[in-house]
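Here's the structure, in structure tokens; my notes come after.
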Amino acid sequence: MKHPGTPGGNRLKALREFYGRTQLDIELDASLGIGYLQRVESGKVQQPERETLERILAALGARYTERRDVLELFGYLVDAPIPNETDIRWAVGVCQSEIDGAVFPAYLLDCAHRLLTWNSLVPQIFKGYPLKAGEIPYISMPRLIFDPAYHITPTIMNPEVFFLAQIRALRYEMQWFHDEAWYSEFIEDMLHCGEFERYWVKWGTAQTHIAARPLAPLILDLKEDGLWQFRLISEPFAQDRRFRVIYYLPADADTMQKCLNT
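Have a look at this one:
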């Protein structure tokens, strides 16, 4: 009789097949006994040791979200550390060509809202702050837009609408990381930044089930370049939800033409 398997075993099997690896390959790389992975995937071994699972996931080359999914299905808690430089290099490497190929502004953020890389159009709309590739420490995007010291805030023509929308999106994203000490420190730091606290309090504790970024446009007055209008879209990485690409989609024909001509 065929064993029905377990959610964790089924997810592990699907992940292995996604990476195109055989059970024997992984067993050898993870120093497991022959046939052990088959028993885990089929559900015959229902509760493997965490250290064993970690070795299997390392052999697969699983990224953060894949690792977290598997471990949680087997009942293990997983924290969400801020990405290190190795994680960042991977994320930049997998998205840079796509970002560069976009005909509108696009950039990469991590879960701490740090600006990691961008395309050539981003410096055109954030002229008040000279962006430098590979700059460490990385600038926080919320700080860049909320703190007048970076000279971006005065260019935003609809602050009431846009800033409140940013708070809504931020509270939505907190569901993934709100228990992490580093995230509490991030919020505490931002509460002393510009008018962030006013908008944070204004939104209150309302539940946020969707980020709804496209609903609130960003309108920038770039003086000699005129008004630019965008709607923001966030695309999280499937393999590591700590990273996401933000696309600034032109909200009118004039902005689209400016992007194409820049």
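According to the numbering used here, the sequence shown is numbered sequentially starting from 5. Using N, Cα and C, we set each Cβ at its ideal position, and we do this for glycine too.
For residue i, the three-state DSSP class (helix, strand or coil)
i	result
Leu253	strand
Ile191	helix
Gly198	coil
Asp225	strand
Asp258	helix
Glu239	strand
Phe267	Residue coverage of the chain in this structure runs from 5 to 266, which leaves residue 267 outside it and unanswerable.
Ser144	strand
Phe167	helix
Beta carbon of residue i nearer than 8 Å to that of residue j
i	j	result
Val74	Gly12	yes
Pro141	Asp114	no
Leu168	Ile156	no
Val107	Cys263	yes
Gly65	Gly9	no
Ile92	Trp122	no
Ile237	Pro254	no
Tyr111	Gly132	no
Identity of the residue in the options nearest residue i by Cα
i	options	result
Phe241	Arg54, Leu28 and Trp94	Trp94
Glu215	Phe166, Glu53, Arg43 and Leu135	Looking at the sequence provided, one finds Ala at residue 215 rather than Glu. Answer by Cα proximity: Phe166.
Gln51	Thr26, Leu77, Ser35 and Ile250	Leu77
Ala257	Gln243, Asp244 and Arg235	Arg235
Limits of the beta strand (DSSP E) - the one that residue i falls within
i	result
Ser101	Counting along the chain, Ser101 falls outside any beta strand (DSSP E), though it belongs to the alpha helix (DSSP H) covering Glu89 to Gly105.
Thr121	Leu119 to Trp122
Asp114	Ala110 to Asp114
Inter-residue Cα distance where the pair is residue i and residue j
i	j	result
Ala210	Pro221	21 Å
Val249	Pro85	19 Å
Asn14	Thr26	15 Å
Met5	Leu32	Confidence at Met5 is low in this model, with a pLDDT of 47, below 50, so the placement of that residue should be treated as unreliable; the coordinate-derived value is given next. In a straight line, the C-alpha of Met5 is about 28 Å away from that of Leu32.
Ile223	Glu70	37 Å
Pro152	Thr159	10 Å
Ile60	Phe181	25 Å
Heavy atom of the ligand MG within 7 Å of residue i beta-carbon
i	result
Ile60	The ligand MG is absent from the structure shown, which contains no ligand whatsoever.
Range of the contiguous alpha helix (DSSP H) that encloses residue i
i	result
Gln27	Gln27 to Asp33
Asp73	Tyr68 to Leu77
Glu45	Tyr40 to Ser46
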